[in-house]
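**Q** Chains as they are written, first to last, in this note's numbering: chain Z, 4 to 244; chain F, 4 to 244.
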DNA sequence: CTCTGTGAAAACCTTCACAGCA
DNA sequence: TGCTGTGAAGGTTTTCACAGAG
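1) Using a Cβ cut-off of 7 angstroms, pull out every chain Z residue sitting near residue 143/F, in sequence order please.
2) Can you tell me where the alpha helix (DSSP H) with residue 161/F in it begins and where it stops?
3) Within the 8 angstroms Cβ cut-off, does residue 9/F reach chain Z?
4) Relative to the C-alpha of residue 33/Z, which candidate in 112/Z, 66/Z, 11/Z, 111/Z has its C-alpha closest?
5) Give the residues of chain F in contact with residue 89/Z, contact being defined as C-beta atoms less than 9 angstroms apart.
6) Do residue 138/F and residue 68/F have their CB atoms nearer than 8 angstroms?
7) Is it buried or exposed for residue 182/Z, if we count other Cβ within 10 angstroms and need 16 for buried?
8) Residue 150/F: buried (16+ other C-beta within 10 angstroms of its C-beta) or exposed?
9) Can the beta-carbon of residue 179/Z be found closer than 8 angstroms to that of residue 156/Z?
10) By the DSSP assignment, the alpha helix (DSSP H) with residue 101/Z in it spans what residues?
11) Rounded to whole angstroms, how far is the Cβ of residue 91/F from the Cβ of residue 175/F, which I believe are closer than 8 angstroms?
12) Under 8 angstroms, do residue 171/Z and residue 162/Z count as touching if we go by C-beta distance?
13) Using C-beta distances below 7 angstroms, list every residue in its chain close to residue 84/F, excluding the 5 sequence neighbours before and after it, in chain order.
14) Please report the straight-line C-alpha distance between residue 56/F and residue 30/F, rounded to a whole angstrom.
15) By alpha-carbon positions, which one of 227/Z, 132/Z, 160/Z, 89/Z ends up nearest to residue 147/Z?
16) For the region 211-224 of chain F, enumerate the residues whose C-beta is nearer than 9 angstroms to any C-beta of chain Z, in chain order.
17) Give a yes or no on whether 8 angstroms exceeds the smallest Cβ distance from residue 193/F to chain Z.
18) Following the continuous alpha helix (DSSP H) through residue 27/Z, name the residue where it begins and the one where it ends.
19) Once the 5 residues before and after residue 36/F are set aside, which same chain residues still bring their CB inside 6 angstroms of it?
20) Any C-beta of chain Z within less than 9 angstroms: which residues of the region 11-23 of chain F qualify?
21) Is the CB of residue 227/Z under 8 angstroms away from at least one CB in chain F?
22) How many angstroms separate the CA atom of residue 5/Z from the CA atom of residue 16/F?
23) Quick check: is the beta carbon of residue 59/Z nearer than 8 angstroms to any beta carbon in chain F?
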């Protein structure tokens with residue numbers, strides 16, 4: 004199903020970050036070998052990853068840092084504005100809201116939501132925290148594109164469902180649980196006989212993208228690989244001559 | 004090189020989380036189909052993932068929640084104590100230190116480190132923040148196994164190098180940069196101006212495991228897939244009859 | 001001669017079908 | 001019969017070797 008490997012997208016993000024660093028250092032040209040070394044992958048991989056999206060280099064010369072950066076930003080959708088809400092404004096949500104770097108790419112935090120009476124009404128990073136009940140109207144009125152989910156795990160599924168119902172198209176899930184269509188409790192035997200009624204709310208999820216950022220899972224993977232280092236593919240593969 | 008797919012380890016972590024939830028609900032048996040549904044993968048995948056590590060079920064019956072949970076904890080190295088330091092105690096580092104769930108698995112935060120005079124000496128979560136200069140002695144004296152890296156990106160490589168030199172065996176890297184052996188410099192300008200030969204410390208990195216938890220990268224991947232939903236492999240694959 | 005772009009081969013991971021045991 | 005465990009098939013990703021542009 005996937006024409007472009009998922010892992011390739013992660014690598015593109017890394018390449019872009021490297022290009023930005025090169026640009027701040029006023030380095031104007033680079034090569035697949037140079038990018039590969041800095042990204043910790045092979046030069047083959049760099050060229051293949053770029054080839055999925057176009058031809059950005061010059062044979063014999065390499066890549067223009069400015070051009071490749073611009074093209075990767077375009078490919079990744081980072082040359083447009085994204086309106087973001089954060090749902091869950093506890094310690095983690097606040098750390099996310101205040102973490103520098105998001106606004107570099109036109110990610111704009113337009114709303115913060117929580118259920119806690121202690122938080123609703125407070126100001127965090129020049130925004131007033133609203134109650135989650137206001138989410139639906141807010142998303143529509145403010146053309147919200149994506150939501151960052153930073154609530155405790157036991158509330159994650161409901162909060163995610165609220166986001167989806169409100170019309171959010173992408174969710175960055177920080178909660179250590181799998182979120183998805185319907186409560187995952189008992190399967191729904193709903194089959195539309197002919198008409199298309201019984202639109203189980205799960206259908207709202209079609210087309211919604213979920214990306215997970217799970218620190219507890221990362222911690223556990225780290226434990227495993229620390230005990231079994233030979234099972235980890237070496238981080239810096241060999242380069243060709 | 005990897006006998007066990009990397010993705011399988013991530014899934015084991017998910018299965019374990021599901022088993023814990025089943026246990027709190029006093030459900031004592033499960034099946035590959037049930038786990039698969041809750042984890043958002045296929046039942047084949049569940050059985051294959053488990054088969055990499057042993058035979059934990061009973062044919063015709065399924066899996067005992069308690070036994071499978073115990074076995075997965077053992078496989079993942081979560082039935083032993085891990086001594087952890089956090090390097091970087093800004094907003095993100097503090098959110099990590101205070102995030103619930105780490106101690107459930109015998110991950111013990113034994114030390115917090117920073118360079119900021121405003122932070123060093125302060126108490127965070129019953130620990131006093133120390134200066135990074137003390138890291139090396141501390142790691143040796145306290146048998147530190149892993150370090151969580153939550154410093155700003157421009158300091159990440161140096162801080163990571165300090166951890167490795169100190170003898171940490173695993174790094175959970177929250178900074179949005181690639182960390183690894185030596186400064187990854189050496190191309191554009193061979194400027195290691197400040198003299199000393201620094202006899203490439205890169206070798207210290209052998210056997211050190213790095214896991215990345217990169218929220219900015221997740222955000223960018225989300226942007227990409229929101230624009231290109233057809234390139235995302237569907238989150239809940241079909242189940243067999 | 002250099003370094004990119006790419007078809008083909010190899011490696012890897014997932015899916016499948018069914019053997020095997022309760 | 002029911003569901004696990006697994007060799008083999010199928011599909012995807014990575015690696016490779018080299019054609020081709022500058």
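Don't be surprised by glycine CBs; every beta carbon is placed ideally from N, CA and C.
**A** Inspection of the coordinates gives the following:
1) Near residue 143/F there are no residues of chain Z at all, since even the closest Cβ is about 17 angstroms away, more than 7 angstroms.
2) 156-169
3) yes
4) 66/Z
5) Those do not exist, as residue 89/Z stays about 12 angstroms from chain F at its closest Cβ, beyond 9 angstroms.
6) no
7) buried
8) buried
9) yes
10) 94-101
11) About 11 angstroms separates the two Cβ atoms, so there is no contact after all.
12) no
13) 109, 111
14) 23 angstroms
15) 89/Z
16) 211, 212, 213, 214, 215, 216, 217, 218, 219, 220, 221, 222, 223, 224
17) In this prediction, residue 193/F has a pLDDT of 31, which is less than 50 and means its spatial position is unreliable; nothing more can be read from the coordinates.
18) 9-27
19) 46
20) 12, 13, 15, 16, 17, 19, 20, 21
21) yes
22) 24 angstroms
23) no
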